[in-house]
Amino acid sequence: MGMNNENASRARADYRNWMPKGMVYTFLAGAIGCGAAAILLGLVLNGTLKTVLTVAFAALAVILCGMTVWALLMRRAFSYDGRRQMSRQIIEGTAAHVKLPAGGRCLDVGCGSGALAIAVAKRNPKAEVVGIDRWGKEYASFNKSLCEDNARAEGVKRISFQQGDATHLGFSDETFDAVVSNYVYHNIPGDRQQYLLETLRTLKKGGSFALHDIFSKSKYGDMQAFVTHLKDMGYQKVELIDTTDGRFMTKFEAAWMGLSGSALLTGIK
Ligand SMILES: C[S@@+](CC[C@H](N)C(=O)[O-])C[C@H]1O[C@@H](n2cnc3c(N)ncnc32)[C@H](O)[C@@H]1O
């Protein structure tokens, strides 16, 4: 029996993976290259130099093999099709913090493949969601048309995606009724508290925010002081919620996956 046109155009959404395939291939290629170099140098060199270089390249090959396995395990944990589905848990958990009025507008900063923007739009069907991302080469599989295809596949209409930079958002002050983001700012070098303030600049007074990231001291500095700063500025119900307490992941998962410090910054402007 043939599919009708509507079903045919509704392919399944594909949110890809936060662990890029390219990174797995890079580790694997490095492991193979170093292993080959260790063997080759062992054949052509003699004496101390042979020992030093062979051992060094062999050690590098072992380390890169380990990193390949780690990257593959990360992909499996993040996958939307696998058993763990951690990405889905984080996206749905973050989106659950946003309640938009009819006609309200939400901004998703660093929307990637559109997962969080679409999750917010599905939960708030009378609102409008805008996703921005710089879609650079480090997450090469994410792009604007993938976001649009995913929105179509999920049957979400009041949504749009555009190129943008989290450090300088091209929106006026107080444009949105809510702002959300997931695992974006830690990718950007510089003053990450400043990037949070740039996002919050676009939020209307009374609007809510749910920003999930790795808020470790090494990446963000003193986040408790930042929470206090927001409260001093008049923000209400500001909370930094640890999401490694089982809410989104266990402490053990956070540790081996390099996600320790993951937390959700929420509140009302
Ligand atoms: C780990 S992905 C997360 C994607 C998406 N938020 C999600 O939850 O599926 C990080 C995203 O941040 C984006 N990104 C990194 N730096 C950015 C910047 N300066 N401005 C906008 N987006 C940025 C990347 O392009 C990538 O899509």
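According to this note's numbering, the sequence shown is numbered sequentially starting from 729. We treat Cβ as the ideally placed atom computed from N, Cα and C, and that holds for glycine.
Indicate the three-state DSSP secondary structure (helix, strand or coil) for residue i in the structure shown.
i: E734; result: In this prediction, E734 has a pLDDT of 42, which is less than 50 and means its spatial position is unreliable; what the coordinates show is noted afterwards. Residue state, collapsed to three classes: helix.
i: F889; result: strand
i: D941; result: strand
i: G821; result: helix
i: V857; result: strand
i: R884; result: Before going further, note that residue 884 is Val rather than Arg in the sequence given. Coil.
i: S815; result: helix
i: T927; result: helix
i: D960; result: helix
i: M729; result: Note that M729 has pLDDT 35, beneath the 50 cutoff, so the model's placement of it is unreliable and the number below is only indicative. Three-state result, M729: coil.
i: S990; result: strand
i: R833; result: strand
i: Y948; result: helix
i: K997; result: coil
Could you give the residue range of the alpha helix (DSSP H) that holds residue i?
i: R804; result: 775–806
i: N878; result: 872–881
i: G758; result: 749–772
For residue i and residue j, I'd like the C-alpha separation in whole angstroms.
i: S946; j: V837; result: 22 angstroms
i: R816; j: L777; result: 51 angstroms
i: C875; j: G775; result: 57 angstroms
i: K885; j: K854; result: 10 angstroms
i: L924; j: L828; result: 20 angstroms
i: N733; j: D960; result: Caution is warranted here: a pLDDT of 44 is assigned to N733, below 50, making its placement in the model unreliable, and the coordinate value is therefore given only provisionally. Each residue's Cα considered, the two are about 55 angstroms apart.
i: A764; j: F755; result: 14 angstroms
i: N871; j: D970; result: 30 angstroms
i: G821; j: V783; result: 47 angstroms
i: A991; j: R880; result: 30 angstroms
i: T994; j: S900; result: 21 angstroms
i: G810; j: M795; result: 20 angstroms
i: A766; j: L781; result: 7 angstroms
i: I819; j: T779; result: 50 angstroms
i: D893; j: Y913; result: 11 angstroms
i: S869; j: L773; result: 42 angstroms
i: G962; j: E926; result: 16 angstroms
i: V706; j: A830; result: With the chain covering 729 to 997 only, the question about residue 706 has no answer from this structure.
i: L958; j: Y911; result: 21 angstroms
Give every residue of the same chain whose Cβ lies closer than 7 angstroms to the Cβ of residue i, excluding the five residues on either side of it in the sequence, and list them in chain order.
i: C839; result: A845, G859, I860, D861, C875, F889
i: Y867; result: P748, G840
i: M985; result: M802, A805
i: I791; result: none
i: A938; result: T822, H825, V826, V908, L992, T994
i: A847; result: I819, E820, A823
Between which two residues does the beta strand (DSSP E) carrying residue i extend?
i: V908; result: 904–910
i: R975; result: Careful: R975 lies outside any beta strand (DSSP E) and carries neither H nor E.
i: R851; result: Here R851 belongs to no beta strand (DSSP E); instead the alpha helix (DSSP H) covers 843–851.
i: V826; result: Neither: V826 is in no beta strand (DSSP E) and is coded neither H nor E.
i: D742; result: Unbroken run through D742: none, as it is neither H nor E.
Got a sec? Which residues, its chain only, sit under 6 angstroms from residue i by beta carbon, not counting five neighbours each side?
i: S988; result: A982
i: S936; result: A906, I996
i: R833; result: E856, F904, D905
i: R812; result: A805
i: K965; result: G995, I996
i: A739; result: A881
Can you find a heavy atom of ligand 3 that lies under 8 angstroms from the Cβ of residue i?
i: V884; result: Ligand 3 is not among the ligands present in this structure, which contains only ligand 1.
Can you find the residues in the same chain that come closer than 8 angstroms, C-beta to C-beta, to residue i, ignoring five residues on each side of it along the sequence?
i: C762; result: F785, A786, L788, A789, L792
i: T978; result: T972
- Pair every Cβ in the region 858–873 with every Cβ in the region 929–948, then say whether three or more of these pairs are closer than 8 angstroms. No, the region 858–873 does not touch the region 929–948.
- Any 3 or more C-beta pairs closer than 8 angstroms across the region 743–750 and the region 794–812: Yes, the region 743–750 touches the region 794–812.
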